[in-house]
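>
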Amino acid sequence: MIARRTVLGLAAATLATPALARQATPPVAPAPKDWIDPKTGHRIVRLSEEGGSKNLYFHQHGYTPQGDKLAITTPSGIALVDLKTFKLTPVPKTKDADLLFFPRRSRRLYYSVTAPGEGQAVDRPKTIYALDIDSGKATVVGKLAQGQITSVNADETLLLGIVTYGGKPLQPKTADDLKRFGQAEYAALGPDGKPLSFAKAKGVRMTERFETPTPMEIFTLDLKTGARKVVHASDKWLGHAQFSPTDPALVMFCHEGPWHRVDRIWTIRTDGTGLTKIHTRTMNFEIAGHEFFSADGKWIWYDLQTPRGQVFWIAGHELATGKKLYRRVEQNEWSVHYNVAADGVLFAGDGGDADMVAHAPDGKWIYTFRPETIRDAALPYYTDDLITVDKMASERLVDMSAHDYRLEPNLTFTPDQKWIVFTSNMHGANHVYAVEVAKR
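Under mature numbering (1 follows the signal peptide of the UniProt record, and there is no 0), read the sequence shown as residues -21 to -1, 1 to 419, first letter to last.
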């Protein structure tokens, strides 16, 4: 989600989120380093050393092509995790840098440094660096007047960026918000004048921004020439811009806003042609979003609810054929974000609390999912012009009962799909953890 949002009233901005049943249980001990979850039997390792650390957003690529290193952000700067030994190595001179991603084919770590000044970081100039993690040499590969870089294409020739002109934050960040979650808190008053819960306040702020037309652009930056080219411009709220992991000229993005009011998921070519809607709502209060590519670039997967909060799917769209595949998950299995392993078969979800869209009574878990054919399916008569429906069989990997879901876990599979990496505050401070997929 991009950082530019709408103006807020002073009263709402100073509200504290009320204490609700969703609030995490206060931690009683420092974060352990390596343990077996007593409720699931899976091994969990803390990868970070400093509280306040985090991994990348769920669809951003933080791994080397060889799968030996993971990049994370710590209060001291960017750090690399050795995925065999779990040793953490700081990247020098990156304390004020914003971690971006690893490309799919090289060991050049991309990060940006924002120029000092007043106002939001997305309004200030940025310098983009690529660091060869083996030689330690960092090179300036681009500059932005404003906006942010969100992705790099499959052949590492183009960076993808997004910019808003004249936008304001959804909710101002306070020092306390950044310390606890590394992201904005949300606060708003309901019709009765009382503070809303986090989830409901976020909905209010999302609606305000959605109903405020603001010029935006999705653009590319040529890594050889530095040329900037606008791919798509709109006064609608755009977000989640990401390159296909395999097609260098394919971009996916979304129309942000209240999901039941938008057909959210779109693709476009880097030359501005081929604008394509991936999912069209067919019922009132249907929602689809938090879209991501499969590792082979053949599928787009997303959270689908028909309608919102009632029936839950991990939905897929095959790019070559348009084939639709809906895989059912249960209420407690709904997750803030889903992801898929390199084999395209094993999925994962990071759960959610009772205040979120599924209102799940027991949803605070890290899950893996494997597809299963529904009972009595007449597979010989299936056709690709109709939606194929099956279901997911789930396994719980991590007890997240002490996690405060105002911090998104943003889970990703390691390239060998033996571990799932996520961020959690289940022991108080934000730390990056990895859970082993196989049970010991």
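Where is the CB? At the ideal position from N, CA and C, for every residue including glycine.
1. Pair every Cβ in the region 169 to 178 with every Cβ in the region 245 to 260, then say whether three or more of these pairs are closer than 8 angstroms.
2. Using the beta-carbon count (16 or more within 10 Å), is K366 buried or exposed?
3. Return yes when the Cβ of R87 is within less than 8 angstroms of the Cβ of A109, no when it is not.
4. Residues in its own chain within less than 8 angstroms of H258 by CB, not counting five upstream and five downstream?
5. Do the region 40 to 48 and the region 368 to 387 make contact, defined as three or more Cβ pairs closer than 8 angstroms?
6. Opposite I279 in the DSSP bridges: which residues?
7. My guess is that Y305 and A327 are in contact by the Cβ rule of under 8 angstroms, so how many angstroms apart are they, rounded?
8. Does the beta-carbon distance from R307 to L325 come in below 8 angstroms?
9. Apart from the five residues just before and just after H21, which ones in its own chain have a Cβ nearer than 6 angstroms to its Cβ?
10. Just the C-alpha distance for E351 and S273, rounded to the nearest angstrom, thanks.
11. Consult DSSP for K116 and reduce its assignment to one of helix, strand or coil.
12. Return the first residue and the last residue of the alpha helix (DSSP H) that E415 is part of.
13. To the nearest angstrom, how far is the alpha carbon of Y361 from that of K277?
14. Could you tell me whether the Cβ of L79 comes closer than 8 angstroms to any Cβ of chain D?
15. Starting from G342, trace the beta strand (DSSP E) both ways and give me its first and last residue.
16. From the DSSP output, in three-state form, read off M231 for me.
17. Could you tell me which of G46, Q396, T204 sits nearest to V119, measuring between CA atoms?
18. What three-state label does DSSP hand L62 in the structure shown?
19. Hey, could you find the ends of the alpha helix (DSSP H) V183 is sitting in?
20. Considering only DSSP beta bridges, list what G328 is partnered with.
21. Three-state secondary structure (DSSP) at A109?
22. Just how far apart, CA to CA, sit Q45 and F177?
23. To the nearest angstrom, how far is the alpha carbon of G96 from that of A299?
24. For N132 and A220, what's the separation of their Cα atoms in angstroms?
25. Can you tell me whether DSSP reads L358 as helix, strand or coil?
26. Less than 8 angstroms between the beta carbons of L202 and G121, yes or no?
27. Whose CA, out of P9, A124, T129, K215, lies closest to the CA of L35?
28. With DSSP collapsed to three states, give me the class of H219.
Let's see:
1. Per the Cβ contact rule, the region 169 to 178 is not in contact with the region 245 to 260 (fewer than 3 Cβ pairs under 8 angstroms).
2. By 1-based counting over the sequence shown, the position of residue 366 is 387. Looking at the sequence itself, residue 366 is Ile, so the reference to Lys does not match. Counting C-beta atoms within 10 angstroms of its own C-beta, I366 has fewer than 16 neighbours from the protein chains shown and is therefore classed as exposed.
3. Residue mapping note: residue 109 aligns to position 130 of the sequence shown, counting from 1. Residue mapping note: residue 87 aligns to position 108 of the sequence shown, counting from 1. Cβ atoms of A109 and R87: closer than 8 angstroms.
4. Translated into positions along the sequence shown, residue 258 becomes position 279. Within the same chain, H258 has close Cβ partners D242, R243, I244, A267, Y281, L283, A294, H296.
5. Contact between the region 40 to 48 and the region 368 to 387 is not established, with fewer than three Cβ pairs separated by less than 8 angstroms.
6. Translated into positions along the sequence shown, residue 279 becomes position 300. Answer is F272, H296.
7. Residue 305 sits at position 326 when you count from the first residue of the sequence shown. Residue 327 sits at position 348 when you count from the first residue of the sequence shown. About 18 angstroms separates the CB atoms of Y305 and A327; that is not less than 8 angstroms, and the two are not in contact.
8. Locating residue 307 in the sequence shown gives position 328, where the first residue counts as 1. Locating residue 325 in the sequence shown gives position 346, where the first residue counts as 1. A distance of 8 angstroms or more separates the beta carbons of R307 and L325.
9. Translated into positions along the sequence shown, residue 21 becomes position 42. Cβ neighbours of H21 within its own chain (closer than 6 angstroms, five residues either side excluded): L376, V414, E415, K418.
10. Along the sequence shown, read from residue 1 onward, the residue named residue 351 stands at position 372. Along the sequence shown, read from residue 1 onward, the residue named residue 273 stands at position 294. One alpha carbon belongs to E351, the other to S273, and they sit about 19 angstroms apart.
11. Within the sequence shown, numbered from 1, the residue matching residue 116 stands at position 137. Three-state DSSP puts K116 in coil, outside helix and strand.
12. Stepping through the sequence shown from its first residue, residue 415 is reached at position 436. Unbroken run through E415 is the beta strand (DSSP E), 410 to 415; no alpha helix (DSSP H).
13. Against the sequence shown, residue 361 aligns to sequence position 382. Against the sequence shown, residue 277 aligns to sequence position 298. Approximately 20 angstroms, taken between the alpha carbons.
14. The structure shown contains no chain D; it is built from a single protein chain.
15. Indexing the sequence shown from 1 puts residue 342 at position 363. Counting along the chain, no beta strand (DSSP E) covers G342, and no H or E run does either.
16. Taking the first residue of the sequence shown as 1, we reach residue 231 at position 252. In this structure, DSSP gives M231 an extended state, which the three-state scheme calls strand.
17. In the sequence shown, counting from the first residue as 1, residue 119 sits at position 140. Closest option to V119, judged by alpha-carbon separation, among G46, Q396, T204: T204.
18. As a first step, residue 62 must be located in the sequence shown, where it is residue number 83. Three-state DSSP puts L62 in coil, outside helix and strand.
19. Walking along the sequence shown from the start, residue 183 turns up at place 204. Segment 177 to 189, the alpha helix (DSSP H) holding V183.
20. Along the sequence shown, read from residue 1 onward, the residue named residue 328 stands at position 349. Note: G328 sits in a beta bridge opposite Y317, Y346.
21. Counting from 1 along the sequence shown, the entry for residue 109 is found at position 130. Strand, per DSSP.
22. Counting from one through the sequence shown, the residue named residue 45 turns up at place 66. Counting from one through the sequence shown, the residue named residue 177 turns up at place 198. Computed Cα separation, rounded: 40 angstroms.
23. Translated into the one-based positions of the sequence shown, residue 96 becomes position 117. Translated into the one-based positions of the sequence shown, residue 299 becomes position 320. A straight-line Cα-Cα distance of about 46 angstroms links G96 and A299.
24. For the purposes of this step, residue 132 is identified with residue 153 of the sequence shown, where counting begins at 1. For the purposes of this step, residue 220 is identified with residue 241 of the sequence shown, where counting begins at 1. In a straight line, the C-alpha of N132 is about 11 angstroms away from that of A220.
25. Here residue 358 corresponds to residue number 379 of the sequence shown, with the count starting at 1. In this structure, L358 counts as helix in the three-state DSSP scheme.
26. Counted from its first residue, the sequence shown places residue 202 at position 223. Counted from its first residue, the sequence shown places residue 121 at position 142. Yes, they are a contact pair.
27. Numbered from its first residue, the sequence shown carries residue 35 at position 56. Comparing Cα-Cα distances from L35 to each of P9, A124, T129, K215, the minimum goes to T129.
28. As a first step, residue 219 is located in the sequence shown; it is residue number 240 there, counting from the start. DSSP places H219 within a strand segment (E or B) once states are collapsed to three.
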